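>
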Ligand code: C5P
């Protein structure tokens, strides 16, 4: 199977020395890349900046901005059977990037931000992807309702939802607890290491793919 995985944060530049980003470590996406390779599949990992080592035998495309990630996914997704969107993509990016370092002047500074492309939302609609589509949802409230809404809006086959209001789990942690939201039902997986969870998730996604293809 050919599997595309997006991972990590994006980095949206403000000026030559500053950027907007988020707390995503990339651990979940990288652990999943490792798990799919371990199960004998071919993986294309498209990742924003992280401190992690790229797992062996993974094809790797490093990107910085949401726009870069969008272009890399557009280019690669046509050859894929499965696509897993684990990246924490910035929702907004500075409307313009200053050519020189922004100087301090007044007591306040207002930044204008514009929406970034929705990469997962583009998978079916713009890229014409017909394989198994998996998204993540990091929520601080109404986990299931928000994840199910995302599943339908973005035409996914599965949303892996996690509650990021729990301080020891999720973003930048080695552990995670997720709710699998399928069109017909949910399945709660207990808290475990991202490494162990990645193997569970890869197995669940491969099983789902086999089911959808028959
Ligand atoms: O809507 P929200 O950002 O919570 O959706 C999360 C899911 O959508 C994740 O799978 C994330 O990787 C993906 N996403 C994306 N492009 C964006 C925003 C989110 O692919 N611009």
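In the working numbering, the protein residues as written are 1 to 214. Beta carbons are placed, not taken as given, at the ideal position from N, Cα and C, and that holds for glycine. Being a predicted model, the structure only gives us computed values, none of them experimental.
Check this for me: beta carbons of residue 63 and residue 5, under 8 Å apart or not?
Within the chain shown, the letter at position 63 stands for residue 63. Within the chain shown, the letter at position 5 stands for residue 5. For residue 63 and residue 5, no; Cβs fall outside 8 Å.
> Per DSSP, what kind of secondary structure is residue 137 in: helix, strand or coil?
Your numbering for residue 137 matches position 137 in the chain shown. Looking at residue 137 - three-state DSSP - the assignment turns out to be strand.
> Per DSSP, what kind of secondary structure is residue 111 in: helix, strand or coil?
Within the chain shown, residue 111 is the residue found at index 111, counting from 1. Three-state DSSP puts residue 111 in coil, outside helix and strand.
> So the candidates are 104, 161, 157, 118; which of them puts its Cα closest to the Cα of residue 138?
Counted from its first residue, the chain shown places residue 138 at position 138. Of the candidates 104, 161, 157, 118, the one whose C-alpha sits nearest the C-alpha of residue 138 is 161.
> Identify which residue in 43, 202, 48, 179 has its Cα closest to the Cα of residue 55.
Residue mapping note: residue 55 aligns to position 55 of the chain shown, counting from 1. For the residues 43, 202, 48, 179, the minimum Cα distance to residue 55 belongs to 43.
> Please name the residue in 37, 105, 27, 193 whose C-alpha comes closest to that of residue 206.
Here the question's residue 206 lines up with position 206 in the chain shown. When each option's Cα is compared against that of residue 206, the closest is 37.
> Over what stretch of residues does the beta strand (DSSP E) that includes residue 14 continue unbroken?
As a position in the chain shown, residue 14 is number 14, starting the count at 1. Start and end: 12 to 15.
> Kindly indicate the opening and closing residues of the alpha helix (DSSP H) around residue 207.
Against the chain shown, residue 207 aligns to sequence position 207. First-last of the alpha helix (DSSP H) with residue 207: 194 to 213.
> Relative to the C-alpha of residue 99, which residue among 45, 197, 18, 105 is closest?
In the chain shown, the residue the question calls residue 99 occupies position 99. Here the closest residue by C-alpha is 18.
> Would DSSP call residue 182 helix, strand or coil?
Taking the chain shown and counting its residues from 1, one reaches residue 182 at position 182. If DSSP states are grouped into helix, strand and coil, residue 182 belongs with coil.
> Using only the heavy atoms of the ligand C5P, determine whether one of them is closer than 7 Å to the beta carbon of residue 61.
Here the question's residue 61 lines up with position 61 in the chain shown. No, the ligand C5P has no heavy atom inside 7 Å of this Cβ.
> What residues match up with residue 60 in a beta bridge as DSSP calls it?
For the purposes of this step, residue 60 is taken as the residue at position 60 of the chain shown. Beta-bridge pairing links residue 60 to 45.
> For residue 143 versus residue 197, is the C-beta distance shorter than 8 Å?
As a working note, residue 143 is residue 143 in the chain shown. As a working note, residue 197 is residue 197 in the chain shown. It is not a contact, given that the beta carbons lie outside the stated cut-off.
> The ligand C5P and residue 111: does the residue's C-beta get closer than 7 Å to at least one heavy atom of that ligand?
Residue mapping note: residue 111 aligns to position 111 of the chain shown, counting from 1. No.
> Compute the minimum distance between the beta carbon of residue 116 and the heavy atoms of the ligand C5P, and state whether it is under 7 Å.
Position 116 of the chain shown, counted from the start, is the residue given in the question as residue 116. Yes, since a heavy atom of the ligand C5P falls inside the 7 Å radius drawn around the Cβ of residue 116.
> Kindly indicate which residue of 15, 30, 109, 77 has the alpha-carbon position closest to the one of residue 8.
For the purposes of this step, residue 8 is taken as the residue at position 8 of the chain shown. Cα-wise, what sits closest to residue 8 is 30.
> Tell me the DSSP secondary structure of residue 66 in three-state form.
By one-based count along the chain shown, residue 66 stands at place 66. Three-state result, residue 66: helix.
> Do residue 5 and the ligand C5P come close, with the Cβ less than 7 Å from some heavy atom?
For the purposes of this step, residue 5 is taken as residue 5 along the chain shown, with counting starting at 1. Residue 5: no, Cβ never under 7 Å from the ligand C5P.
> Taking 7 Å as the line, does the beta carbon of residue 91 fall inside it for any heavy atom of the ligand C5P?
Walking along the chain shown from the start, residue 91 turns up at place 91. Yes; taking the cut-off as 7 Å, the Cβ of residue 91 has a heavy atom of the ligand C5P nearer than that.
> Going by alpha carbons, who is nearest to residue 12 out of 111, 195, 78, 35?
Stepping through the chain shown from its first residue, residue 12 is reached at position 12. It is 111 whose Cα lies nearest to the Cα of residue 12.
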